[in-house]
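These notes concern the structure reproduced below.
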Amino acid sequence: MEQLFEFMVHGFDQFFKYTAFPHFTIGHLIMISVALAFIYLAIAKDYEPLLLVPIGFGILIGNIPFLEGANLQIGIYEPGSVMSYLYFGVLKGIYPPLIFLGIGAMTDFSTLLSNPKLLLLGAAAQLGIFGAYMIALVLGYLPEQAAAIGIIGGADGPTAIFLASKLAPELVGAIAVSAYSYMALVPVIQPPIMKLLTTDKERLIRMKPPRSVSRLEKVLFPIVGLILTTLITPSAMPLLGMLFFGNILKESGVTKRLADTAKGSLIDIVTILIGLTVGASTQATTFLTAKSVGIFALGAVSFMVATFGGVMFAKFMNLFLKEGNKINPLIGNAGVSAVPDSARVSQVVGLQYDKTNHLLMHAMAPNVAGVIGSAVAAGILLSFFMG
Amino acid sequence: MFLGLLQQQAAIDSSNAVIKRNSDLFLKLDPFGIGMTVIGYVVVFVALLLLYLLFFNLTKVLQINVKRLLRREGKVIEVKEDISISGEVNAAIAMALHLYYSEMHDKEDTVLTINQTSRTYSPWSSKIYGLRQHPR
Numbered sequence: 020m021e022q023l024f025e026f027m028v029h030g031f032d033q034f035f036k037y038t039a040f041p042h043f044t045i046g047h048l049i050m051i052s053v054a055l056a057f058i059y060l061a062i063a064k065d066y067e068p069l070l071l072v073p074i075g076f077g078i079l080i081g082n083i084p085f086l087e088g089a090n091l092q093i094g095i096y097e098p099g100s101v102m103s104y105l106y107f108g109v110l111k112g113i114y115p116p117l118i119f120l121g122i123g124a125m126t127d128f129s130t131l132l133s134n135p136k137l138l139l140l141g142a143a144a145q146l147g148i149f150g151a152y153m154i155a156l157v158l159g160y161l162p163e164q165a166a167a168i169g170i171i172g173g174a175d176g177p178t179a180i181f182l183a184s185k186l187a188p189e190l191v192g193a194i195a196v197s198a199y200s201y202m203a204l205v206p207v208i209q210p211p212i213m214k215l216l217t218t219d220k221e222r223l224i225r226m227k228p229p230r231s232v233s234r235l236e237k238v239l240f241p242i243v244g245l246i247l248t249t250l251i252t253p254s255a256m257p258l259l260g261m262l263f264f265g266n267i268l269k270e271s272g273v274t275k276r277l278a279d280t281a282k283g284s285l286i287d288i289v290t291i292l293i294g295l296t297v298g299a300s301t302q303a304t305t306f307l308t309a310k311s312v313g314i315f316a317l318g319a320v321s322f323m324v325a326t327f328g329g330v331m332f333a334k335f336m337n338l339f340l341k342e343g344n345k346i347n348p349l350i351g352n353a354g355v356s357a358v359p360d361s362a363r364v365s366q367v368v369g370l371q372y373d374k375t376n377h378l379l380m381h382a383m384a385p386n387v388a389g390v391i392g393s394a395v396a397a398g399i400l401l402s403f404f405m406g
Numbered sequence: 137m138f139l140g141l142l143q144q145q146a147a148i149d150s151s152n153a154v155i156k157r158n159s160d161l162f163l164k165l166d167p168f169g170i171g172m173t174v175i176g177y178v179v180v181f182v183a184l185l186l187l188y189l190l191f192f193n194l195t196k197v198l199q200i201n202v203k204r205l206l207r208r209e210g211k212v213i214e215v216k217e218d219i220s221i222s223g224e225v226n227a228a229i230a231m232a233l234h235l236y237y238s239e240m241h242d243k244e245d246t247v248l249t250i251n252q253t254s255r256t257y258s259p260w261s262s263k264i265y266g267l268r269q270h271p272r
């Protein structure tokens with residue numbers, strides 16, 4: 020009888036060891052709270068739900084504690100687990116180019132082609148990347164880590180994951196979560212900076228309506244764009260190649276089925292996988308470090324610097340533009356490539372000062388230019404460190 | 137397969153070594169990242185500036201081509217003006233065509249016709265509603 024009792028106690032003890040309870044730490048609680056906050060923001064506030072729901076749920080999955088080191092093959096960092104296989108696409112930079120394919124198939128470059136000078140705003144806003152790089156170096160991050168962190172300023176989740184997976188795989192989770200979180204918070208971060216940097220007169224500038232763009236121009240853009248940008252930064256080929264390939268599928272007009280798949284089912288599948296695994300990679304035991312917290316702070320700074328760069332460059336361009344051709348600097352913020360959130364911010368802020376001045380169409384131009392700009396910047400950083 | 141895995145691992149190790157070497161070099165030569173910032177920012181600008189210049193001029197070339205074609209067909213006499221159409225004008229034309237083809241026009245053709253309908257019952261033709269019922 021006593022033996023049976025001992026056996027039962029032992030069995031219960033063993034069972035208890037394998038439950039989540041004895042492994043719970045304050046870190047897990049913090050991360051679960053973060054997950055709940057993400058899910059709340061996505062569902063209740065409609066902040067980037069397609070990203071925040073998978074990431075938030077992924078954080079929940081990744082932060083249910085378990086007996087680590089027992090070869091249960093559960094956790095994302097345990098070789099052989101299902102999650103580790105799915106995470107492979109993040110670590111090896113497979114998912115980001117596939118997302119870029121979908122983005123290319125979704126993106127209409129017409130507004131950019133109708134007013135190509137707005138491409139320069141997409142370049143100017145990349146100041147956030149290099150600004151954050153410098154600050155990260157000062158804070159003691161290694162140069163390759165600083166580069167991976169800096170790319171958060173491009174406001175482009177796939178690009179950030181792509182670069183981080185190559186240069187600092189140990190920081191992929193923190194960088195991805197930071198990038199996507201701040202992308203969702205663009206409507207909060209950008210408006211104060213935009214208002215601070217512009218005058219009332221500038222905010223009321225009306226821009227010429229975009230002209231219609233011929234099919235030939237639209238078909239030529241992905242071809243010429245690919246050749247030009249990848250000749251300068253071949254290391255950005257996986258991203259730019261897929262972006263422009265997706266775009267030609269859309270614009271050629273003869274591959275509608277492929278374009279539909281790229282911008283529909285394919286991007287949805289990859290978004291689910293990338294969101295879930297990036298979320299799950301924030302396992303408290305490996306994620307909650309001073310470095311991760313620093314990355315979050317730097318992410319916010321990089322977005323601010325990027326907004327500053329875009330708005331100020333629009334003002335700078337206005338010095339050389341004739342009356343009637345001037346740019347409303349409120350679209351400068353859209354140079355960060357959070358498509359279409361930052362363009363929407365331009366529209367909302369513009370309407371606050373003139374209810375009839377719709378800036379959305381104009382802001383989409385620097386917005387899509389920002390996608391190209393951040394991919395080029397990622398290519399430059401890659402070639403510097405891997406070349 | 138095993139050989140393939142080994143080769144893959146060797147490639148990863150070698151790229152890690154390259155990153156480490158370059159990282160050390162950056163720490164030594166450009167500890168504050170100023171050089172990288174200047175070069176990187178300039179290269180991004182150059183890439184997008186080239187795209188801008190190309191498409192800015194391409195538009196002009198295409199316009200000249202269209203004007204030449206129109207002139208050859210004798211459709212354009214004055215060729216100095218800008219022939220590009222704004223998106224708003226395009227939208228208006230598209231809407232007008234859509235309304236025309238889907239016959240959602242706001243002007244009727246002023247020909248009234250009375251067509252017999254196949255419907256057997258309608259409150260409008262019902263005797264119950266149309267006639268008084270006399271008490272008997």
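Chains A and B, in that order, are what the protein sequence lines are. The first sequence lines up with residues 20 to 406 when you count with my numbering. The second sequence lines up with residues 137 to 272 when you count with my numbering. We put the CB at the ideal spot given by N, CA and C, even for glycine. Every value quoted in this text rests on a predicted model; they were computed, and no experiment measured them.
- prompt: For A:PHE107, is the classification buried or exposed, using 16 other Cβ atoms within 10 angstroms of its Cβ as the cut-off for buried?
  reply: By the 10 Å Cβ count, A:PHE107 comes out exposed.
message: Using 9 Å as the threshold, is the C-beta distance between A:VAL387 and A:THR126 below it?
response: Yes, they are a contact pair.
query: Based on Cα-Cα distance, which residue from A:THR326, A:LEU146, A:ILE288 lies nearest to A:ALA396?
result: The shortest Cα separation from A:ALA396 among A:THR326, A:LEU146, A:ILE288 belongs to A:LEU146.
- prompt: What first and last residue would you give for the alpha helix (DSSP H) that runs through A:VAL273?
  reply: Premise fails: A:VAL273 is in no alpha helix (DSSP H) and is neither H nor E.
query: Cα-Cα, which of A:GLY99, A:ASN90, A:LYS341 is closest to A:MET226?
result: Ranked by Cα distance from A:MET226, the first of A:GLY99, A:ASN90, A:LYS341 is A:LYS341.
- request: Could you tell me whether any Cβ in chain D is nearer than 9 Å to the Cβ of A:PHE240?
  value: Absence of chain D from the displayed structure is noted, the protein chains being A and B.
- prompt: Quick one: does B:MET231 have its CB under 9 Å from some CB of chain A?
  reply: False, the Cβ-Cβ gap to chain A never drops below 9 Å.
- request: Please compile the residues from chain B whose C-beta is within a distance smaller than 8 Å of the C-beta of A:THR252.
  value: Here the neighbours are VAL179, ALA183.
- prompt: Going along the chain, which residues of its own chain have a beta-carbon closer than 8 Å to the beta-carbon of A:LEU371, five neighbours each way excluded?
  reply: Checking the sequence, you will find Gln at residue 371 of chain A rather than Leu. Excluding sequence neighbours, A:GLN371 sits near nothing in its chain.
task: Identify whether A:ASN352 lies in helix, strand or coil by the three-state DSSP scheme.
output: Here A:ASN352 sits in helix by DSSP.
- prompt: Using Cβ-Cβ distances below 9 Å, what residues of the stretch 154–169 of chain B are close to chain A?
  reply: The stretch 154–169 of chain B vs chain A, Cβ under 9 Å: VAL154, ILE155, LYS156, ASN158, SER159, ASP160, LEU161, PHE162, LEU163, ASP166, PRO167, PHE168, GLY169.
- prompt: What first and last residue would you give for the alpha helix (DSSP H) that runs through A:GLY366?
  reply: Correcting the residue type first, residue 366 of chain A is Gln in the shown sequence and not Gly. Where A:GLN366 is concerned, the enclosing alpha helix (DSSP H) stretches over 360–372.
Any C-beta of chain B under 9 Å from that of A:GLU270: It does not: the Cβ of A:GLU270 has no partner Cβ on chain B nearer than 9 Å.
query: Would the beta-carbon of A:LYS220 fall within 9 Å of that of A:GLU270?
result: A:GLU270 is positioned such that its CB atom lies no closer than 9 Å to that of A:LYS220.
query: Mind checking if B:ILE200 is an interface residue toward chain A, Cβ cutoff 9 Å exclusive?
result: No, no contact with chain A.
task: Starting from B:LEU187, find everything on chain A with Cβ-Cβ shorter than 8 Å and list it in chain order.
output: Residues of chain A passing the Cβ test: PRO135, LEU138, VAL243, GLY244, LEU247, THR248, ILE391.
Contact check, A:ALA419 vs A:ALA382, beta carbons under 9 Å: Given that chain A is displayed from residue 20 to residue 406, the structure contains no residue 419 of chain A and the question cannot be resolved.
message: Mapping the DSSP letters down to three states, classify A:THR249 as helix, strand or coil.
response: DSSP places A:THR249 in helix when its eight states are reduced to three.
message: Less than 9 Å between the C-beta atoms of A:LEU268 and A:GLY99, yes or no?
response: It is not a contact, given that the beta carbons lie outside the stated cut-off.
- request: Locate the alpha helix (DSSP H) running through A:GLY141, then write down its first and last residues.
  value: Unbroken alpha helix (DSSP H) run through A:GLY141: 138–143.
message: Measuring straight from C-alpha to C-alpha, what distance separates A:PHE76 and A:TYR199?
response: A:PHE76 and A:TYR199: Cα-Cα distance of roughly 14 Å.
task: Assign A:PHE31 to one of three DSSP states: helix, strand, or coil.
output: A:PHE31: helix per DSSP, three-state reduction.
Coil, strand or helix - A:ASN347 by DSSP: Here A:ASN347 carries a coil assignment [DSSP, helix/strand/coil].
- request: Evaluate A:TYR59 with the Cβ neighbour count: other Cβ atoms within 10 Å of its Cβ, from every protein chain shown; 16 or more gives buried, anything less gives exposed.
  value: Exposed is the call here.
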